[in-house]
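J.:
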């Protein structure tokens with residue numbers, strides 16, 4: 062638990078102000094709004110840092126999104142500008158083009174997009190959308206990342222999708238700490254306590270990864286996990302996904 066959630070909130074707000082002053086003076090912040098705790102807390106922090114008139118929320122359903130009213134609740138609660146961009150036409154068009162190319166048979170064993178490809182593609186289209194919106198703003202924009210430390214630890218994000226961004230306020234905060242910040246920020250309880258899901262696979266985050274965030278947070282903090290199988294799974298996911306947290310390796314000349 063955060064010893065002083067208000068102080069942490071104030072420190073992050075100052076950090077955002079300093080980042081924008083150095084890397085985007087006069088720019089707005091663009092945030093993808095899903096209606097969950099991470100994007101809600103991130104948007105609220107940015108609105109406090111720069112003022113609500115300098116934050117743009119982008120809602121990006123892929124076709125019909127059952128919980129889009131949660132996203133609308135958040136932007137209205139904060140009073141920030143927002144747009145809705147339905148990515149479904151882009152998703153269907155690109156998926157169709159790739160599948161047609163693969164089905165022609167030039168690559169042995171690859172005939173169509175895999176299930177994981179279909180889950181990750183919308184996340185990458187959403188990140189492309191956020192950067193397109195940022196570049197369309199008269200003042201220019203910086204895209205804020207909304208991932209938290211718990212997700213990053215096990216790689217529960219899409220590389221060059223929701224794992225991307227210009228700056229990341231929550232990267233060093235575990236799930237339960239993000240919830241604490243949401244409470245300090247006065248966000249609706251229904252948003253910060255909402256059952257987390259990627260909105261893509263049809264499963265909750267915890268159903269998909271096979272353990273709770275409470276167990277994960279405790280393990281990250283203490284190294285303790287009563288279930289040896291879960292401990293091994295967390296360790297394996299962490300090892301396999303470290304590449305998502307590292308800068309792209311580059312060859313260095315002698």
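In our numbering, the protein residues as written are 62 to 315. Where a beta carbon is used, it is the ideal one built from N, C-alpha and C, also for glycine. A quick note: this is a predicted structure, and the numbers were derived from the prediction, not measured.
1. Give me the DSSP bridge partner(s) of residue 228.
2. Excluding the 5 residues preceding and the 5 following residue 89 in the sequence, name in chain order all residues of the same chain whose CB lies nearer than 7 Å to its CB.
3. Sorted by chain position, which residues of the same chain lie with C-beta nearer than 7 Å to residue 270's C-beta, five sequence neighbours on each side aside?
4. Check the C-beta distance from residue 289 over to residue 207 and give it rounded, since I have them as a contact under 8 Å.
5. If we require 4 or more residues per run, which alpha helix (DSSP H) segments fall completely within the region 147-193?
6. Judging by CA-CA distance, which residue of 70, 258 and 191 is the nearest neighbour of residue 121?
7. Quick check on residue 141: does DSSP put it in helix, strand or coil?
8. Within this structure, are the beta carbons of residue 110 and residue 78 separated by less than 8 Å?
9. If you pair each beta-carbon of the region 275-288 with each one of the region 251-259, do three or more pairs fall below 8 Å?
10. Please report the residue range of the alpha helix (DSSP H) in which residue 94 lies.
11. Might you give, ordered along the chain, the residues of its own chain that have their beta carbon closer than 8 Å to the beta carbon of residue 106, omitting 5 neighbours on each side?
12. Taking a contact to mean a Cβ-Cβ separation below 8 Å, would you say residue 179 touches residue 155 in this structure?
13. According to DSSP, simplified to helix, strand and coil, what is residue 101?
14. Just mark residue 315 as buried or exposed, buried being the case when its beta carbon has 16 or more other beta carbons within 10 Å.
15. So is residue 257 buried or exposed if we call it buried at 16+ other beta carbons inside 10 Å?
16. Does the Cβ of residue 283 have 16 or more other Cβ atoms within 10 Å, making it buried, or fewer, making it exposed?
T.: Once the coordinates are examined:
1. Residue pairing by DSSP puts residue 228 in a beta bridge opposite 205.
2. Within the same chain, and ignoring the five residues on either side of residue 89 in sequence, the residues whose Cβ sits closer than 7 Å to its Cβ are 115, 116, 117, 198, 200 and 202.
3. So the qualifying residues of the chain are 215 and 217.
4. About 32 Å separates the beta carbons of residue 289 and residue 207, which is beyond the 8 Å limit, so they are not a contact pair.
5. For the region 147-193, the full-length alpha helix (DSSP H) segments reaching 4 residues or more read 149-164 along the chain.
6. When each option's Cα is compared against that of residue 121, the closest is 191.
7. Residue 141: coil per DSSP, three-state reduction.
8. Yes; because the gap between Cβ atoms is below 8 Å, this pair is in contact.
9. Verdict: no, contact absent.
10. Residue 94 -> no alpha helix (DSSP H), and no H or E assigned at all.
11. Contacts found: 70, 73, 74, 77, 230, 242 and 246.
12. For the pair residue 179 and residue 155, the CB atoms are not nearer than the 8 Å cut-off.
13. Here residue 101 sits in helix by DSSP.
14. With fewer than 16 Cβ atoms within 10 Å of its Cβ, residue 315 is classed as exposed.
15. When all chains shown are included, residue 257 counts as buried.
16. Flag for residue 283 reads exposed.
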